[in-house]
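Chemist:
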Amino acid sequence: MTNLEIFRLLLISCVLIVFVYAMITKRISTLIALPIMGVLTAVIASVGEVPMLGLFAHENAKGEEVQGIMNSVLGDGARMMASTIAATIFGGAFAVLLRRVGVAEAIIKKAAELAGDRVRVIAFIFYVATMIIFTAIGGLGAVILVGSVALPIMMTAGISGVVSGSIILLGLTTGGVMNPAGFAFFATILEPVIEGGYEAAYEIVARMAITLFIISFIVSVIYILLNVKNNQRSAWHARKTQSAYELSNWALLSPIVPVLLVLSSIYVMPQVVTAELAIIAGIIYTVYVCKIKDKINAIAQSFVQGTQEVAGAIVLLIGLGILIRGVQFYTVTPIIAPAIEMLVSMLQSPMTYVIGFTLATPLVLYRGPLNSWGIGGSLPAIFATAGFSPIAVVWVLRSTGMMQGFGDPTNSQNIWIADFVQADPNDITKSLFWVGLVITFIALGYAILVDQIPLI
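Here this note's numbering is used: the first residue of the sequence shown is -4, the next is one more, and so on.
(1) Would you identify the three-state DSSP class for Glu54, choosing helix, strand or coil?
(2) Should the region 123 to 131 be called in touch with the region 251 to 270, which here means at least 3 C-beta pairs below 8 angstroms?
(3) Could you tell me the alpha carbon to alpha carbon distance between Leu48 and Ser41, rounded to whole angstroms?
(4) Considering only C-alpha positions, which residue in the set Gln303, Ile64, Leu140 and Asp289 is nearest to Phe324?
(5) Return the first residue and the last residue of the alpha helix (DSSP H) that Glu59 is part of.
(6) Out of Lys290, Ile386, Gly177 and Leu392, which has the shortest C-alpha to C-alpha gap to Ala273?
(7) Which residues bound the alpha helix (DSSP H) around Met75?
(8) DSSP state of Ile437, grouped into three classes?
(9) Given a cut-off of 8 angstroms, decide if Leu444 and Thr395 are closer than it, judged by their beta-carbon atoms.
(10) Closer than 8 angstroms is the cut-off here; do at least three beta carbon pairs connect the region 413 to 424 with the region 151 to 158?
(11) For Tyr193 and Val430, which I take to be in contact (beta-carbon distance under 8 angstroms), what is that distance rounded to the nearest angstrom?
(12) Where do the N-terminal and C-terminal ends of the alpha helix (DSSP H) with Asn292 fall, by residue?
(13) So which of Tyr262, Val223 and Asn244 has the shortest CA-CA distance to Gly97?
(14) Rounded to whole angstroms, what is the Cα-Cα separation between Ser407 and Gln399?
(15) Decide if Ala438 is buried, meaning its Cβ has at least 16 other Cβ atoms within 10 Å, or exposed.
(16) Quick one: grab the DSSP three-state call for Ser373.
(17) For the alpha helix (DSSP H) containing Gly49, name the first residue and the last one.
(18) Taking the alpha-carbon positions, what's the Gly327 to Pro250 distance?
(19) Can you give me the C-alpha to C-alpha distance between Arg22 and Asp403, rounded to a whole angstrom?
(20) Which parts of the region 93 to 174 are runs of the alpha helix (DSSP H), unbroken and 4 residues or longer, counting only runs that do not cross its ends?
(21) For the alpha helix (DSSP H) that contains Gly382, what are its first and last residues?
(22) Using a 10 Å radius around the Cβ and a threshold of 16 neighbouring Cβ atoms, would you call Met76 buried or exposed?
(23) Counting C-beta neighbours from all protein chains within 10 Å, is the total for Pro375 16 or more, i.e. buried, or is it exposed?
(24) Could you check which residue in Phe378, Gln296, Ile335 and Gly440 has the C-alpha nearest to that of Pro187?
(25) Hey, is the region 88 to 97 in contact with the region 284 to 299, meaning 3+ C-beta pairs nearer than 8 angstroms?
(26) Are there 16 or more other CB atoms within 10 angstroms of the CB of Glu60, so buried, or fewer, so exposed?
(27) Does Lys21 come out as helix, strand or coil in the three-state DSSP assignment?
(28) Quick check: the region 341 to 349 against the region 101 to 121, are there 3 or more CB pairs under 8 angstroms?
(29) Between which two residues does the alpha helix (DSSP H) containing Gln408 stretch?
(30) Taking DSSP as the reference, what is the three-state secondary structure of Asp422?
(31) Less than 8 angstroms between the C-beta atoms of Leu164 and Asn409, yes or no?
(32) Which class does Ala355 belong to by DSSP, given the choice of helix, strand or coil?
(33) For Phe2, count neighbouring Cβ atoms within 10 angstroms of its own Cβ and tell me buried if that reaches 16, exposed if not.
(34) From the DSSP output, in three-state form, read off Tyr240 for me.
(35) Answer yes or no: do Gly316 and Ala37 have a C-beta to C-beta separation smaller than 8 angstroms?
(36) Is Leu92 closer than 8 angstroms to Ser297 when the C-beta atoms are compared?
Here's what the structure looks like:
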């Protein structure tokens, strides 16, 4: 590398570090930070190299027109996550519909009836109920809906507030890993750097999710067994509650319909069903099984309200697309590639890959660099420039992301649950810290030993 390239690399590194720190300390919103990081990275790499700071289209030395930052980074970046944005909107509408007909509430009430006064059974059933609900819905509203019913029951049963909150968060994250909208997100960031396009990336991510789901489920059950003792006796006695919505047992299956459709398409059908189609099927199933009278109007209202609820996530996805296109810009690659190659050389053996990234798992916390919804979303593209397998990077993001889902004290759900059980969010993080490390270690070990993913 020349001295100028080293200087540019240092400037880019400083920009990324400053903005990551600003996001961690909440001095700047992630919604604003991500696109600025993408544009600044491309500008720093282009100053003095191409005309007009690289902002506009220009001719290269061969006389070919090259797109500038305005088109390649801002324009293409804003459109990059279109598939994920569509899946997010459909998922938001499905979540609103499920809340409107009372499916989530009915599942929690059914769980309470089944649990009786057996403390470990109460903990396990509420974990499973939360897991089922969050395969389809998400957001703080859903957490409040579930937590406001489940948490008092578990605490009345003698389970501590921290453990009760942790159980809900584990269920939320385990279910979330199977959410089809999540498949679309990771497929979109994997698609540009693998062969086979979006459909191939989607299938890889879906198969990966099944493994993570099983690992997370087993480790979560171990957490419950270790933290909920047999000698605890419940002061809660199950009582039958009549649902205001008079839902049938078939209606309680609504949240998992999209997941079952995606999984069956992978293993049975000749073609993979995308997240959007799977969620549409879930919506249609729900409106008919729940016997909603004005079906068309109910669906329309769900889409309007659902889009409003996920508006922040949509803006975040646009910003993430701009960041990814920024680090992929043609003037950036020659600058960052040598540094990434050096890092790759240390991580390309199976042992260093598994151990190194397991130890790096805490970097997902506090909006850190492994957070998929921040700079972490650009890592497959960055590592691909140095020849490192983007599939291996997505395994890292999905595995370490489990800790982010249930353990990040800056998550809105962690803050609300901690406040509800009158605990510090960091106490929940401490309680679940080992769970995140174990899940990452087992998942990456599985990827290497069983799935035999390539590292280079």
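For each residue, glycine too, the CB sits at the ideal point set by N, CA and C.
Fair warning: this is a prediction, and the values are worked out from it, not measured in the lab.
Modeler: Quick look at the numbers:
(1) strand
(2) yes
(3) 6 angstroms
(4) Ile64
(5) Following the DSSP letters along the chain, one finds Glu59 in no alpha helix (DSSP H), marked with neither H nor E.
(6) Gly177
(7) Asp71 to Met75
(8) helix
(9) Not a contact, by the Cβ cut-off of 8 angstroms.
(10) The region 413 to 424 is in contact with the region 151 to 158.
(11) Actually they do not touch by this definition, with Cβ atoms about 32 angstroms apart.
(12) Lys290 to Glu304
(13) Asn244
(14) Near 12 angstroms, if we compare the C-alpha coordinates of Gln399 and Ser407.
(15) Residue environment analysis places Ala438 among the buried positions, since at least 16 neighbouring C-beta atoms fall within 10 angstroms of its C-beta.
(16) helix
(17) Where Gly49 is concerned, there is no enclosing alpha helix (DSSP H), given that its DSSP letter is neither H nor E.
(18) The question names Gly, but residue 327 in the sequence shown is Val. The alpha-carbon atoms of Val327 and Pro250 are separated by roughly 43 angstroms.
(19) 18 angstroms
(20) 98 to 110, 114 to 128, 135 to 151 and 156 to 171
(21) Counting along the chain, no alpha helix (DSSP H) covers Gly382, and no H or E run does either.
(22) buried
(23) buried
(24) Phe378
(25) Contact between the region 88 to 97 and the region 284 to 299 is present, because at least three Cβ pairs lie under 8 angstroms.
(26) It is exposed - the Cβ of Glu60 has fewer than 16 other Cβ atoms within 10 Å.
(27) coil
(28) no
(29) Ser407 to Phe415
(30) helix
(31) It is a contact, given that the beta carbons lie within the stated cut-off.
(32) coil
(33) exposed
(34) Because the pLDDT at Tyr240 is just 46, under 50, the model does not fix this residue reliably, and the value given afterwards should be weighed accordingly. Reduced to three states, the DSSP call for Tyr240 is coil.
(35) Cβ atoms of Gly316 and Ala37: not closer than 8 angstroms.
(36) One thing to note: Ser297 has its Cβ within 8 angstroms of the Cβ of Leu92.
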